[in-house]
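A.B. asks: Take a look at the following structure, please.
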Amino acid sequence: MKRHLVILGAQWGDEGKGKVVDLLSADFDMVVRYQGGSNAGHTVMVGGEKFVLHLLPTGILHQHTAGVVAQGMVVDLELLVKEMEELQQRGLKVWDRVFISDRAHLVLEYHKLLDSLFERKGKIGTTLRGIGPSYMFKYGRRGLRVCDLQDPDRTYKIIKENIEFVSDMCEKVYCENHKLDAGEIFERTMENYKKIRDRVADTTRLLLNFGGRVLFEGAQGTMLDIDMGTYPYVTSSNASALGLSNGTGLPPRYFSEANFWAVSKAYTTRVGEGPFPTELEGREGELLREKGGEYGATTGRPRRCGWLDLVALKHAVDVNGLDGLIITKLDVLDAFEEIRVCTAYEVDGELIDHFPASLSLLQKVKPVYKTFRGWQRDTRGAKSLSMMPSEALEYIDFIQEYLHVPVVMLSTGPKREEYFWLYEPVGKEL
Ligand code: GDP
Ligand code: IMO
Ligand code: MG
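Sequential numbering of the sequence shown, starting at 9, is according to our numbering.
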């Protein structure tokens, strides 16, 4: 039996990781977010209530779990405090169950300012949450970490130096003056820090000494991974399995005790700019958006929609070493007469079945489709295989045969209980 479980996004984010992590967390003692920041928006529907988590791991909604904000994340303290307070106000006692890494880097106002300035040229379509600039500062060795806040003088010095650097850049590169007040940013940061000070921990040690079962909750998706995704139209962290070790501070060997599963929609969506070979721009794309409620959980932006791309999904299976796939939102395809799935790309008359690194090549690829008959029956909320139309099962069979990975679970609606196992892990030993 594998003790731990990793849940990743297999596509361009928003696959339904929140829903899946929430329901699986019932069997785990600790849930860990380890990369990204408040760019994530993980939605959970429990008992008619909707929760959208940005920084806390989704599993925190279960009262028995502990939640870790690990070192690979970039943390906007103000938003973290707000998220914790809001959950407390909604009757969920989370405060004493959250552990925040002392090594995590902070997102500050000047990162958000830079994010918006960078977006004016060479647009990526970011969430404007300061994620890219915060990681830039981290790797540029000028970041502010949670542990620095213990030392107010050091904190102030780092903030002040960074503000001078950012103001200089604004003036010299963008010919703009931006009023950034070191004193004000410092005060606000320290105020928020006081609120969470007792929740700060060496989360690597915490995890190394922990005997229970741990679920690692990926944010974004493999195709947004800084190394394996559609660079430069990606996020600034390793959203694939590659991010686990540096994101948690745990040795790679630790994860030999984990199963690796990823979540994919039964079709594809993406928010922001960048290549999307199976994108549908007309009526079918709108229908997917409308039926799937495809609007960003963080920014409210309409998501671009298209058919399932098995070339991209195979890339995710390979680079993550997946043991299983969870398919969500199959119910959104209920209305379609025909459903298509991309099995290869065509470039200049040649077929390719692997996901290319080159953006120039990706911009030229044309999807090659296999067409399936739609089932045109309501599958929302289906709880067993026997409730599924044969056409839907044919579709799922084709996906697992193509990918050589079992589809372990089907999610059939946004609610916690709307799912069933296709391949029941023995005795629930995931
Ligand atoms: P995440 O970022 O991967 O957690 O996904 P988001 O929460 O951003 O977006 C997924 C959306 O799909 C949310 O609104 C979920 O409530 C919803 N959802 C998840 N699973 C299903 C499903 O199986 N069917 C339907 N119709 N909606 C789902
Ligand atoms: P979850 O965890 C979907 C996208 C942005 C943009 C690119 C870079 O909810 O699946 P960033 O703000 O990270 O610098 O933006 O990445 N993006 C997401 N898309 N789901 C997410 O998170 C995303 N987080 C970032 O839209 O294209
Ligand atoms: Mg999301």
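C-beta atoms are modelled at their ideal positions from N, C-alpha and C, and glycine is treated no differently. The structure displayed is predicted, hence computed values, not measured ones.
So does D48 have its beta carbon nearer than 7 Å to some heavy atom of the ligand MG?
C.D. replies: In the sequence as displayed, the identity of residue 48 is Ala instead of Asp. Checking every heavy atom of the ligand MG against the Cβ of A48, one is found closer than 7 Å.
A.B. asks: So, helix, strand or coil for V39, using DSSP?
C.D. replies: Strand, per DSSP.
A.B. asks: Please confirm whether V39 and T73 have their CB atoms less than 8 Å apart.
C.D. replies: The answer is yes: Cβ separation under 8 Å.
A.B. asks: Measuring CB to CB, does L64 end up less than 8 Å from V54?
C.D. replies: Their beta carbons are not under 8 Å apart, which means L64 does not touch V54 by this criterion.
A.B. asks: Please list the terminal residues of the continuous beta strand (DSSP E) segment that includes V14.
C.D. replies: V14 -> beta strand (DSSP E) spans H12 to G17.
A.B. asks: Quick check: E127 and L136, are their CB atoms within less than 8 Å of each other?
C.D. replies: Going by C-beta atoms, E127 is nearer than 8 Å to L136.
A.B. asks: With distances taken between CB atoms, is the gap from F428 to E402 smaller than 8 Å?
C.D. replies: It is not a contact, given that the beta carbons lie outside the stated cut-off.
A.B. asks: Once you ignore the five residues that flank G237 on each side, which residues in its own chain have a CB closer than 6 Å to its CB?
C.D. replies: M231.
A.B. asks: Determine, using beta carbons only, whether Q97 and G255 come nearer to each other than 8 Å.
C.D. replies: No, the Cβ-Cβ distance between Q97 and G255 is not below 8 Å.
A.B. asks: Near G7, what residues of its chain come up, given a Cβ to Cβ distance below 7 Å and the 5 sequence neighbours on each side ignored?
C.D. replies: Lying before the first or after the last residue shown, residue 7 is absent from the chain, which here runs from 9 to 438.
A.B. asks: Taking just the CA atoms, how far does H186 sit from Y353?
C.D. replies: Roughly 46 Å between the two C-alpha positions.
A.B. asks: Let's see if you can read the secondary structure: which residues bound the alpha helix (DSSP H) around H323?
C.D. replies: Element bounds for H323: L318 to N328.
A.B. asks: Can you grab the Cα-Cα spacing for the pair K180 / Y164, in whole Å?
C.D. replies: If I take the Cα positions, the gap works out to 24 Å.
A.B. asks: State the Cα-Cα distance for the pair S398 and A343, rounded to the nearest angstrom.
C.D. replies: Cα to Cα, S398 sits roughly 15 Å from A343.
A.B. asks: Compute the distance between the beta-carbons of L258 and D235, then report whether it is under 8 Å.
C.D. replies: For L258 and D235, no; Cβs fall outside 8 Å.
A.B. asks: Quick one: give me the first and last residue of the alpha helix (DSSP H) that N200 is part of.
C.D. replies: Its alpha helix (DSSP H) spans residues A190 to I204.
A.B. asks: Examine the ligand IMO and report whether any of its heavy atoms sits within less than 7 Å of the Cβ of T66.
C.D. replies: No, since every heavy atom of the ligand IMO falls outside the 7 Å radius drawn around the Cβ of T66.
A.B. asks: Looking at G21 and the ligand MG, is the gap between the Cβ and the nearest heavy atom below 7 Å?
C.D. replies: Correct: G21 has its Cβ closer than 7 Å to the ligand MG.
A.B. asks: When DSSP labels each residue in this structure, what does P259 get in the three-state scheme?
C.D. replies: Note: P259 maps to coil in three-state DSSP.
A.B. asks: Determine the direct distance from the alpha carbon of D233 to that of M81, and round the result to whole angstroms.
C.D. replies: Roughly 14 Å separates the two Cα atoms.
A.B. asks: Could you check the C-alpha separation between R11 and K299 for me, to the nearest Å?
C.D. replies: So the two alpha carbons sit approximately 37 Å from each other.
A.B. asks: Would you check if the distance between the CB atom of N170 and the CB atom of F145 is smaller than 8 Å?
C.D. replies: Yes; because the gap between Cβ atoms is below 8 Å, this pair is in contact.
A.B. asks: Which same chain residues, not among the five before or five after T387, have their C-beta less than 8 Å away from its C-beta?
C.D. replies: Here the set comprises L338, D339, D342, M395, M396, P397, A400 and T420.
A.B. asks: Among the residues of its own chain, which have a CB less than 6 Å from the CB of I360, if the five just before and after it don't count?
C.D. replies: So the list reads Y353, once near-sequence residues are dropped.
A.B. asks: What first and last residue would you give for the alpha helix (DSSP H) that runs through A400?
C.D. replies: First-last of the alpha helix (DSSP H) with A400: S398 to L411.
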